[in-house]
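Everything in the sequence shown is counted per this note's numbering, starting at 15 for the first residue and increasing by one. Have a look at the structure below before the remarks.
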Amino acid sequence: MSASAQHSEVPPAPPARAARPRVSAKGEQTRARLVAAARTLLAGELSERFTTRNVAALSGVSHGMCHYHFQDRTELILAVITDIHPEWITPLEEAVTGPGTFAERAERVVELLGRPEGAELSRLHSALHWHALNDARVREGLEAEYRRWRACFVALFQVLADERGGALDPRPLGLAVAAAVDGLAAMESMADGTGAGPGEGGEPVLRTLIRTLAAGA
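See the structure below:
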């Protein structure tokens with residue numbers, strides 16, 4: 015009976031292991047093309063006309079195949095939100111979690127935020143906010159990303175708290191800096207219409223704010 019069981023189990027295993035990677039790789043390539051096309055359309059001037067049909071056409075994928083990977087346009091937008099995560103949140107997380115003292119990490123954060131945001135990423139953020147106004151799922155997806163973004167500043171001040179033996183609450187300090195960054199970005203957006211980050215002009219303000227909060231904590 016044991017020999018029979020071994021004989022019946024062996025044949026199915028190799029085909030399953032061999033076939034699954036090929037299908038997965040092809041599916042991931044198709045999905046990546048759809049997400050890339052979605053990014054292009056969302057970053058365009060007519061992002062309000064964003065549809066699964068237009069995404070499929072731009073990517074060279076059938077409309078039916080588009081819906082195989084993404085149920086609706088909201089799922090495509092959520093995929094774009096995930097896709098841009100490494101471009102704006104991951105660098106901030108790395109600046110905070112990298113080695114060094116609070117002062118050294120804070121300086122990395124300030125320098126990072128002082129770099130101008132790329133035009134495509136800036137337009138994508140604007141489009142995502144526009145879609146979030148009328149789509150609760152997009153709004154929830156964006157809010158989750160911004161919570162992670164704000165958490166970076168809290169984590170930065172947690173380093174300061176650890177250096178001082180845990181004598182301060184990092185949350186209000188981190189959230190205050192996050193709010194300041196948002197405000198500076200909004201001012202920069204109104205000034206040049208790009209919707210970019212704080213930029214070089216905001217570096218001295220952020221540096222002074224962080225140092226002041228740290229000194230007074």
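Quick reminder that beta carbons are idealized off the backbone N, C-alpha and C, glycines included.
Report the residue from Ala199, Gly216 and Phe167 whose alpha carbon sits nearest the alpha carbon of Leu227. Against the sequence shown, residue 227 aligns to sequence position 213. Closest by alpha carbon: Phe167.
Compute the Euclidean distance between the alpha carbons of Glu118 and Arg153, then round it to the nearest angstrom. Working through the sequence shown from its first residue, we reach residue 118 at position 104. Working through the sequence shown from its first residue, we reach residue 153 at position 139. Inter-residue distance for Glu118 and Arg153 is about 34 Å (C-alpha atoms, whole angstroms).
Relative to the C-alpha of Leu170, which residue among Thr111, Ala190, Arg63 and Gly197 is closest? On the sequence shown, position 156 is the one that residue 170 refers to. Of the candidates Thr111, Ala190, Arg63 and Gly197, the one whose C-alpha sits nearest the C-alpha of Leu170 is Thr111.
Among Gly179, Val219 and Gly180, which has the Cα closest to the Cα of Ala190? Taking the sequence shown and counting its residues from 1, one reaches residue 190 at position 176. Of the listed residues, the one whose Cα sits closest to Ala190 is Val219.
Would you tell me roughly how many angstroms separate the C-alpha atoms of Thr88 and Gly179, rounded to the nearest one? For this step, residue 88 is matched to residue 74 along the sequence shown. For this step, residue 179 is matched to residue 165 along the sequence shown. For Thr88 and Gly179, the distance between alpha carbons rounds to 45 Å.
Delimiting residues of the alpha helix (DSSP H) encompassing Gln43: Looking up residue 43 in the sequence shown gives position 29. It spans Ala27 to Leu56 - the alpha helix (DSSP H) in which Gln43 sits, taken as one unbroken run.
Please report the distance separating the alpha-carbon of Leu55 from that of Leu182. As a working mapping, residue 55 is identified with position 41 in the sequence shown. As a working mapping, residue 182 is identified with position 168 in the sequence shown. Each residue's alpha carbon lies about 46 Å from the other.
One question on the structure: do Gly128 and Glu217 come within less than 7 Å of each other, judged by their Cβ atoms? Taking the first residue of the sequence shown as 1, we reach residue 128 at position 114. Taking the first residue of the sequence shown as 1, we reach residue 217 at position 203. Result yes, Cβ atoms of Gly128 and Glu217 sit closer than 7 Å.
Mind checking whether Thr44 and Val75 have CB atoms under 7 Å apart? Numbered from its first residue, the sequence shown carries residue 44 at position 30. Numbered from its first residue, the sequence shown carries residue 75 at position 61. Their beta carbons are under 7 Å apart, which means Thr44 touches Val75 by this criterion.
Quick one: grab the DSSP three-state call for Ser76. The count along the sequence shown starts at 1 and reaches residue 76 at position 62. DSSP places Ser76 outside both helix and strand once states are collapsed to three, so it counts as coil.
Residue ranges of each alpha helix (DSSP H) run of no fewer than 4 residues wholly in the stretch 136-224, ordered along the chain? Counting whole runs of 4 or more residues, the stretch 136-224 contains the alpha helix (DSSP H) stretches 150-177 and 184-206.
Under the three-state DSSP convention, the category Asp97 falls into: Walking along the sequence shown from the start, residue 97 turns up at place 83. Of the three classes helix, strand and coil, the one that applies to Asp97 here is helix, per DSSP.
Quick one: measure Cβ to Cβ for Thr96 and Cys80, integer angstroms, because I've assumed they're closer than 8 Å. For this step, residue 96 is matched to residue 82 along the sequence shown. For this step, residue 80 is matched to residue 66 along the sequence shown. Incorrect: roughly 17 Å between the Cβ atoms, too far for contact.
Looking only at its own chain, which residues have a Cβ that is under 8 Å from the Cβ of Gly230, when we skip the five neighbours before and after it? Along the sequence shown, read from residue 1 onward, the residue named residue 230 stands at position 216. Nothing listed; no residue qualifies.
Could you check if Arg161 is buried or exposed, using at least 16 other CB atoms within 10 Å of its CB as the buried criterion? Looking up residue 161 in the sequence shown gives position 147. By the neighbour-count rule (16 or more Cβ atoms within 10 Å), Arg161 is not buried but exposed.
Among Ala150, Pro113, Ile98 and Ala158, whose alpha-carbon lies nearest the alpha-carbon of Glu131? In the sequence shown, residue 131 corresponds to position 117, counting from 1. Looking at the Cα atoms, Ile98 is the closest of the given residues.
Measure the C-alpha to C-alpha separation of Glu121 and Leu174 and round it to an integer number of angstroms. Here residue 121 corresponds to residue number 107 of the sequence shown, with the count starting at 1. Here residue 174 corresponds to residue number 160 of the sequence shown, with the count starting at 1. So the alpha carbons of these two residues sit roughly 13 Å apart.
Phe116 lies in the alpha helix (DSSP H); which residues open and close that run? Mapped onto the sequence shown, residue 116 falls at position 102. DSSP places Phe116 in the uninterrupted alpha helix (DSSP H) bounded by Phe116 to Gly128.
Between the Cα of Ser38 and the Cα atoms of Asn148, Ile224, His83 and Val195, which residue gives the shortest distance? Along the sequence shown, read from residue 1 onward, the residue named residue 38 stands at position 24. When each option's Cα is compared against that of Ser38, the closest is His83.
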